[in-house]
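Colleague:
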Amino acid sequence: MYGHPKHVCSFSYMFFFVSVFLSRPAQNEQSTGQGGDRDAGQDWGTTNTDHDRDRNRDKDRRTQEKRGDKALPLSLNTSLRDVKSCNDIPLESRNLPLQRILMTKEKQEELKELLQDLQSGEFDDPNEESDSDSSEGEEYDGEGLFWPEDKADVCENDSYISVRKKMVSKHNHNLTNILSENSKLCQQFQRKQSSRHYMSMLVQRKNLPAWQERENILDLLDQSQVLVVSGMTGCGKTTQIPQFILDASLRGPAGQVANIVCTQPRRISAISVAQRVAQERAESLGNSVGYQIRLESVKTSATRLLYCTTGVLLRRLEGDADLKGVTHVIVDEVHERTEESDFLLLVLKDLIVQRPDMKIILMSATLNAELFSEYFSNCPTIHIPGQTFPVDQFFLEDAIAETRYVYVIEGSSLYKRKHNSSRIYGPGYKGGPRNAMDYVFDDSESFDKTNFVKDSIPDQDLCLQELFIRYSDVSAPVLKTIAAMDLDKINMDLVERLLEWIVEGNHKYPPGAVLVFMPGMAEIRMLYERLQANTTLNHKGSSRCVVYPLHSSLSNEEQKAIFSRPPDGVTKIIISTNIAETSITIDDVVYVIDSGKMKEKTYDASKCMESLEDSWVSRANAMQRKGRAGRVASGVCFHLFTSHCFKHQLAEQQLPEIQRVPLEQLCLRIKILDLFAEKTLESVFSQIIEPPDLESLEAASQQLQDLGALTADEKLTPLGYHLASLPVDVRIGKLMLFGSMFRCLDPALTIAASLASKSPFVSPWNKREEANMKKRAFAVGNSDHLTLLQAYKGWCSAAKKGTRAAYVYCRENFLSSRVLQEIASLKRQFAELLSDIGFCREGLRARAIERASTHGTDGVLKATGPEANLNSENISLMSAMLCAALYPNVIQRWRVEEAAQTNASYVYYKTRLYESPFLVYLEKVKTRRVFIRDCSMTSVFPLLLFGGSQINVELHNGEFVLSLDDGWIKFAAPSYQVAALVKELRWELDELLEDKIRNPNIDLCPRESRIIQMIVHLITTQ
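Mapped onto mature numbering (1 follows the signal peptide of the UniProt record, and there is no 0), the consecutive letters of the sequence shown carry residue numbers -28 to -1, 1 to 994.
#1: Does the distance from the CB of Glu438 to the CB of Ile462 come in under 8 Å?
#2: So Leu218 and Arg309 are supposed to be a Cβ contact under 8 Å. How far apart are they, rounded?
#3: Would you say the beta carbon of Met713 comes nearer than 7 Å to a heavy atom of the ligand COA?
#4: At the level of alpha carbons, what is the spacing between Ile987 and Gln625?
#5: Pairs of beta-carbons, one from the segment 830 to 845 and one from the segment 887 to 903, closer than 8 Å: are there three or more?
#6: Less than 8 Å between CB atoms is the rule here; does Pro914 satisfy it with respect to chain C?
#7: Work out the CA separation of Ile265 and Arg603 for me, nearest whole Å.
#8: Counting Cβ pairs closer than 8 Å, one from the segment 962 to 976 and one from the segment 82 to 89, do we hit at least three?
#9: So, under 8 Å CB-CB, Leu934 and Ala952 are touching, yes? Tell me the CB distance rounded to an integer number of Å.
#10: Okay, do the segment 767 to 776 and the segment 658 to 675 touch, 3+ Cβ pairs below 8 Å being the bar?
#11: From His989 to Gln922, what distance separates their C-alpha atoms?
#12: My assumption, with CB atoms under 8 Å, is that Leu698 sits in contact with Leu805. Please give the rounded CB distance.
#13: Hey, quick one: how far does the beta strand (DSSP E) through Glu931 stretch, first residue to last?
#14: Starting from the Cα of Arg389, find the closest Cα among Ser349, Asp433 and Met457 and give me that residue.
#15: Report yes if the CB atom of Glu311 is closer than 8 Å to the CB atom of Gly283, and no otherwise.
#16: So, does the segment 546 to 556 touch the segment 477 to 496, judging by three or more C-beta pairs under 8 Å?
#17: Answer with buried or exposed for Met745, where buried requires no fewer than 16 other C-beta atoms within 10 angstroms of its C-beta.
#18: Given this structure, state the Cα-to-Cα distance separating Ser567 from Asn510, to the nearest angstrom.
#19: Enumerate in chain order the residues of its own chain whose CB-to-CB distance from Ala230 is below 7 Å, with the five nearest sequence positions on each side excluded.
#20: For the structure I just gave you, are there three or more beta carbon pairs, one from the segment 190 to 209 and one from the segment 343 to 363, closer than 8 Å?
#21: For Lys747, count neighbouring C-beta atoms within 10 Å of its own C-beta (all shown protein chains included) and say buried if the count is 16 or more, exposed if not.
#22: Does the distance from the C-beta atom of Gly919 to that of Ile941 stay below 8 Å?
#23: What does the alpha-carbon distance come out to for the pair Asp465 and Asn506?
#24: State whether the segment 172 to 179 contacts the segment 188 to 198, with contact taken as three or more CB pairs (one from each stretch) at a distance under 8 Å.
#25: Using 8 Å for Cβ pairs, my map puts Arg502 next to Glu476. What's the rounded Cβ distance?
#26: So, does the segment 637 to 644 touch the segment 592 to 600, judging by three or more C-beta pairs under 8 Å?
#27: Go ahead and label Leu386 buried or exposed: buried means 16 or more other beta carbons lie within 10 angstroms of its beta carbon, across all protein chains shown.
#28: Here's the rule I'm using: 16 or more other beta-carbon atoms within 10 Å means buried, otherwise exposed. How should Gln801 be labelled?
#29: Going by DSSP in three states, Glu255 sits in which element: helix, strand or coil?
#30: Let me make sure I understand the geometry here. Which of Leu316, Arg327 and Arg740 has the alpha-carbon closest to that of Leu334?
#31: With respect to the beta strand (DSSP E) encompassing Ile809, which residues constitute its N-terminal and C-terminal limits?
#32: Note down, one range per segment and in chain order, each beta strand (DSSP E) of at least 3 residues found wholly within the segment 464 to 522.
#33: Just tell me which of Phe714, Leu707 and Arg715 has its CA closest to the CA of Ala724.
#34: Checking the sheet assignment: what are the DSSP bridge partners for Asn924?
#35: Can you give the Cα-Cα distance for Leu849 and Met330, rounded to whole angstroms?
#36: Do Ala696 and Lys643 have their C-beta atoms within less than 8 Å of each other?
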């Protein structure tokens, strides 16, 4: 909820004070969600079951016991001693102006009447029995609150057992059918041995380096349960090793045919590899070879080699803990060290103890097999050499020498090193700071002589004399240039000179495409614009090159253009992020220019803030980039860092992702797996191959407790169980549950799906302002989320008129049709997930929803039913749901000088007028400044009713003040009655939410219906 930039919201001209704190654990679990849709025609208030009556009795009992001194009485004659007095509000935001709660006399009376009716038992069943002995069989929690014993273990609840059965049932296997399919596959395999197409593909396969290790790999697998395979890109390990295993099993009896799952870190890899392997096997995709990614799968009951994303296998493990029927699990690209792949290794390490018959193969493109071998008890390893053409590797000193860049540095250069200490000028220098060029070209400067420079000192910190010692074989002009350059910056002048040198062709290397690696979009744009204005590359109107940007936000059409071959005499230049390191291969690349930088996400657990900053690549990254130049012919790679930096300064590998990201979702995933359910989070994380630090884990655990997903002793609450069952960020999951509860399910699912995918808004560089104007035309409710909703609804309306109309709508409004279709597919999948856990109409299936959908709709509104969407057009309520889901991610605008900012894609980033100073957001990221992403304005009542775990009332200088949690957000009430009414309504809502989370399939009773109606009314008319 990582970078990927999606709808980055920002106020370019305004800074914000960021008040983002984790609320302390509630005494009553903060819960969310509701029981979704029932049969058509049922009323909100219809409930006649014995369970409902027991539930109401239990609630009334808890009401009397919980309130005690904690609840505010409704009598206006109550003594003010019940209200805490505070003359000095002790919180960081004490200087913030208090926001006032506005409530008309009519609303006050209406709310007072409702609450008095609730307390008097107005909605109770008159036939209920006395509950005078109801305290028997309960536990005392030490705070004057009683809880029924059956709440101690959430897994005892029938609804959770039902969910788990549904998950398991998806992976049941019919042994008879499997043997029958295996027999057919064995026969087909024997027949295809004489197929001309199969034989021709087999010849190509035998030319791959992996084929030479075929027998060794199979022998090692016979002897060991785990095997680590390393091999450079192009050796054939991903396509061939699974086939070696499958083919060997197809030559034996039907009962021993392998069932292989091979994970890939990216969707595009899973699809493309499966397609290639099916082609090599002379069969259609979906027969013995298939793939499965989120929202899409091509497989049948005959599929015995499945390529899937890592996340797909982890979701399967939640319902099929033993991976029944799977004989081999292959984890590819383990060197990338993603959060999911490291966690999968932990799960497999435990699983192979229970499944001694299952084989594990780990495959890496780098030579770090020892790390993985040691993790699996020193299992055997094997290395496969790569099949790439020779690539000449050059570094910064070589690039400067080849381009003669030494002669073009000017005093005004942006890339000049800052000289402000005697350390830079060299030992013995006594003068003050001087001009860099004077320093570089003054050969008469006297230095103390030395003959050794520590390898640990970066080139950036060396004076010219020390550079001469370190690079004794490099010419003086080149070293003088290095001494003058700021080596921490990407020198765009030098990149241009290199591209000119390549295009002009005054060298021994053949013509070919150039791949330039840049860290992010800003650098790609800067170089792109410079190349368009370069007179050497675009002489007298005739372009000698064609330039393409390459990044994850490109449409399919834009990506296809990158693979096209340019006309003779024209050089193709691709400027890319690190997506081109592994995910995309461009065959005609001969030259690589490696800036040496990449965008890397880090996470500060103490501030709950992610940072996206430029960092140096690792040596493994650098070698991957170099390998891009040698796929089909000899190549050249220029690294824009020195050879000494490569050998001594770069890290061997990038820091594992699990040490750089928030851990909330992974904590929930751990707790829902049977393998780890009874273990502490710390004990589980300590077993990961390179575990995250304890501070990050503690912060994640506390965050989940604040969200009401975990108990203090790290047990899943009912809310936590439901959130863990949803494959999304916990806040997105919470939005879906609240949407179900408050009868605005369809828009909640739309927003949730949009946040879980890429932004549908596209912004071409040459039409950026026009695209922004179109986006602002969708703006509603001071909200990025509701703006997305409006754009999506417009697309659905256009699609009803036909495919052409939908295409025109997307083109005119700068929207990606592909992303909108993905959002629609995600919505259907989310509806199925909610159905499985009881939060909307039972039995919904994504494919069935799609088949039943009419032209131009996603089918979710119709499938979930009208009752689940009674409030779907209520914009104010949707804003409140966003507040409920995203809290405590709240900022308050108050002073222009403060530090948090949003980006220009926030639809209201230029506005100076705000109905409320509060914004909720999905995530906070630090680049050069602190930005918040995916913002929505929120107001007083949503914060009071859905924010934090409790409301406190204080008397401050004669004014009643309501505060959330520890007082970090405060509101002024016009009277004691308003303060009392709000706090009592919040208490009733918390009780209702807790009950609905525990029993999602149970209808709202009349009491709960009245509470919901009042809250919707308050929010809508505020």
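Glycine residues also receive a C-beta, built at the ideal position from the N, C-alpha and C atoms.
Modeller: Walking through what the data contain:
#1: Here Glu438 is not near Ile462, since their CB atoms are 8 Å or more apart.
#2: Not really, about 28 Å apart at Cβ, beyond 8 Å.
#3: The model depicted lacks the ligand COA and carries no ligand whatsoever.
#4: Their Cα atoms are separated by approximately 53 Å.
#5: Counting Cβ pairs under 8 Å, fewer than three are found: no touch.
#6: Protein chains in the displayed structure number just one, and chain C is not present.
#7: Rounded to whole angstroms, the separation of the alpha carbons of Ile265 and Arg603 is 27 Å.
#8: No, the segment 962 to 976 does not touch the segment 82 to 89.
#9: Your pair Leu934 and Ala952 does not check out as a contact, with CB atoms roughly 10 Å apart and the cut at 8 Å.
#10: No, the segment 767 to 776 does not touch the segment 658 to 675.
#11: If you take the alpha carbons of His989 and Gln922, they lie about 22 Å apart.
#12: Contact flag correct, Cβ pair sits at about 6 Å.
#13: In the DSSP assignment, Glu931 falls within the unbroken beta strand (DSSP E) covering Glu931 to Leu936.
#14: Among Ser349, Asp433 and Met457, the Cα nearest to that of Arg389 belongs to Met457.
#15: Not in contact: Glu311 and Gly283 (Cβ atoms no closer than 8 Å).
#16: The segment 546 to 556 vs the segment 477 to 496: in contact.
#17: It counts as exposed.
#18: If you take the alpha carbons of Ser567 and Asn510, they lie about 23 Å apart.
#19: Counting only Cβ-Cβ distances below 7 Å, and skipping sequence neighbours, we find Ile217, Leu218, Ser221, Arg276, Thr299 and His300.
#20: By the Cβ test, the segment 190 to 209 is in contact with the segment 343 to 363, since at least three Cβ pairs between them sit closer than 8 Å.
#21: So Lys747 ends up on the buried side.
#22: Cβ distance < 8 Å, so Gly919 and Ile941 count as in contact.
#23: Each residue's alpha carbon lies about 11 Å from the other.
#24: Result no; under three Cβ-Cβ pairs closer than 8 Å.
#25: With a beta-carbon spacing of about 17 Å, Arg502 and Glu476 fall beyond the 8 Å limit used to define contacts.
#26: Too few Cβ pairs lie closer than 8 Å, so no.
#27: The residue is exposed, with fewer than 16 neighbouring Cβ atoms inside 10 Å.
#28: Buried, since its Cβ has 16 or more Cβ neighbours within 10 Å.
#29: The answer is coil: DSSP assigns Glu255 none of H, G, I, E or B.
#30: Nearest in C-alpha terms to Leu334, of all of Leu316, Arg327 and Arg740, is Leu316.
#31: No beta strand (DSSP E) holds Ile809; DSSP gives it neither H nor E.
#32: Runs of the beta strand (DSSP E) inside the segment 464 to 522: 485 to 489 and 517 to 522.
#33: Comparing Cα-Cα distances from Ala724 to each of Phe714, Leu707 and Arg715, the minimum goes to Leu707.
#34: Bridge partners of Asn924: Ser935.
#35: One C-alpha to the other measures close to 51 Å.
#36: In this structure, Lys643 lies closer than 8 Å to Ala696 by Cβ.
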